[in-house]
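Written below as structure tokens is the structure these notes are about.
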Amino acid sequence: RSIDLSQRLYQTIRSQALRLIIPFMCAGALGFLLPDVLGGGHTLALQVASGGYTFFMLCLLFCVKFVFSMACFGSGSPGGIFLPLLVLGVLVGGIYIQGVGTLLPLSNDMLPNFVVLGMAGLFSAIVRAPITGIVLISEMTGSFRHLLTLSLVSLLAYLIPDLLKIRPVYEQLLSRLLEKQTPA
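In structure tokens form, the structure reads like this:
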């Protein structure tokens with residue numbers, strides 16, 4: 014829904030150059046204020062998995078990364094949504110364990126597990142491809158150690174948006190593309 018909203022907002026801007034300047038300016042500002050949200054996210058993921066951020070900082074990183082990703086993708090600038098989606102999943106996993114860790118005594122050794130589960134859950138919820146998510150995350154981690162929990166999280170993450178009648182992201186993008194191509 015956020016992607017659709019950002020694309021519709023950018024559609025109101027007639028100048029393609031101005032559409033591209035907006036995420037460029039945002040990236041420049043974030044380079045000074047919060048550089049962790051820029052780039053591919055590999056370093057950010059490693060820092061989250063090692064416990065390098067507080068709960069508040071994880072929430073801030075998630076919100077800024079989310080809004081920045083929508084601003085970039087909605088503008089039509091080159092890039093994608095796949096890697097930012099996985100980085101957001103890493104942040105969700107970190108936020109979850111830090112939040113639950115305040116209520117229950119959890120070991121910090123569990124943090125990498127929740128980071129992996131966060132990636133699988135967010136991928137399955139947004140893309141609606143739980144098996145692809147399970148295989149992808151298993152390949153990324155190089156281990157089948159999380160296979161059962163990945164399967165459970167991916168299945169639940171698939172079912173919940175389906176019950177809420179939220180369309181998969183690529184289906185929504187295809188509809189939007191076809192809508193543009195259909196003569197009015």
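Just so we're aligned, residue 14 is where the sequence shown starts under the numbering used here, counting upward by one. Every residue, glycine too, gets a C-beta built ideally from N, C-alpha and C. Here the structure is a predicted model, which means the values were calculated and not measured.
Exercise for the section: Rounded to whole angstroms, what's the CA-CA distance from Thr56 to Val100? Just pull it up for me. Expected result: Working through the sequence shown from its first residue, we reach residue 56 at position 43. Working through the sequence shown from its first residue, we reach residue 100 at position 87. Each residue's Cα considered, the two are about 10 Å apart.
Problem - Nearest-angstrom Cβ-Cβ length linking Leu163 and Ile147, presumed shorter than 8 Å - result: Against the sequence shown, residue 163 aligns to sequence position 150. Against the sequence shown, residue 147 aligns to sequence position 134. Contact holds; Cβ gap of about 5 Å.
Practice task
Write down every uninterrupted run of the alpha helix (DSSP H) in the stretch 100 to 144 whose length is 4 residues or greater and which is fully enclosed by it, in chain order.
Solution key: 124 to 140, all fully within the stretch 100 to 144.
Handout entry: Pro36: first and last residue of the uninterrupted alpha helix (DSSP H) it sits in
Key = Along the sequence shown, one-based indexing puts residue 36 at 23. Where Pro36 is concerned, the enclosing alpha helix (DSSP H) starts and stops at Gln29 to Leu46.
Exercise for the section: Classify Ala133 as buried or exposed, calling it buried when 16 or more other Cβ atoms lie within 10 Å of its own Cβ. Expected result: Taking the first residue of the sequence shown as 1, we reach residue 133 at position 120. Classification of Ala133: buried, given that the 10 Å Cβ count is 16 or more.
Practice task
Report yes or no: do three or more beta-carbon pairs, one from the stretch 37 to 52 and one from the stretch 104 to 120, lie closer than 8 Å?
Solution key: In short, these stretches do not touch, since the Cβ pair count stays below three.
Practice task
Starting from Lys78, follow the alpha helix (DSSP H) in both directions and report where the run begins and ends.
Solution key: Position 65 of the sequence shown, counted from the start, is the residue given in the question as residue 78. Unbroken alpha helix (DSSP H) run through Lys78: Phe68 to Ser88.
Exercise for the section: Rounded to whole angstroms, what's the CA-CA distance from Leu165 to Phe79? Just pull it up for me. Expected result: Along the sequence shown, one-based indexing puts residue 165 at 152. Along the sequence shown, one-based indexing puts residue 79 at 66. Distance between the alpha carbons of Leu165 and Phe79: 25 Å.
Handout entry: Top-ranked residue by Cα proximity to Ser137, from Ser63, Leu168 and Leu187
Key = On the sequence shown, position 124 is the one that residue 137 refers to. The option with the nearest alpha carbon to Ser137 is Leu168.
Handout entry: Closest residue to Ile35 among Leu135, Leu59, Gly87 and Asp49 (Cα-Cα distance)
Key = The residue labelled residue 35 in the question sits at position 22 within the sequence shown. Ile35 has its Cα closest to that of Gly87, out of Leu135, Leu59, Gly87 and Asp49.
Exercise for the section: Quick one: using the 10 Å Cβ neighbour count with 16 as the cut-off for buried, is Phe81 buried or exposed? Expected result: Within the sequence shown, residue 81 is the residue found at index 68, counting from 1. Answer is buried; the Cβ neighbour count reaches 16.
Exercise for the section: Could you tell me the distance, in whole angstroms, from the CA atom of Val77 to the CA atom of Leu190? Expected result: Here residue 77 refers to the residue found at position 64 of the sequence shown. Here residue 190 refers to the residue found at position 177 of the sequence shown. Whole-angstrom Cα-Cα distance: 27 Å.
Handout entry: Proximity of Arg141 and Pro97 at Cβ, strictly below 8 Å
Key = In the sequence shown, residue 141 corresponds to position 128, counting from 1. In the sequence shown, residue 97 corresponds to position 84, counting from 1. Their beta carbons are not under 8 Å apart, which means Arg141 does not touch Pro97 by this criterion.
Problem - For Gly64 and Ile94, the rounded distance between their alpha carbons - result: As a first step, residue 94 is located in the sequence shown; it is residue number 81 there, counting from the start. As a first step, residue 64 is located in the sequence shown; it is residue number 51 there, counting from the start. Cα to Cα, Ile94 sits roughly 25 Å from Gly64.
Problem - Assumed close pair Leu281, Ala62 - CB separation to whole angstroms, cut-off 8 Å - result: Residue 281 lies beyond the stretch modelled for the chain, which goes from 14 to 197, so this question has no answer here.
Exercise for the section: Indicate whether Gly102 and Leu135 have their beta-carbon atoms separated by less than 8 Å. Expected result: For this step, residue 102 is matched to residue 89 along the sequence shown. For this step, residue 135 is matched to residue 122 along the sequence shown. Yes, the Cβ-Cβ distance between Gly102 and Leu135 is below 8 Å.
Practice task
Please say whether Ser151 and Leu160 have beta carbons closer to each other than 8 Å?
Solution key: Taking the sequence shown and counting its residues from 1, the one referred to as residue 160 is at position 147. Taking the sequence shown and counting its residues from 1, the one referred to as residue 151 is at position 138. A distance below 8 Å separates the beta carbons of Leu160 and Ser151.
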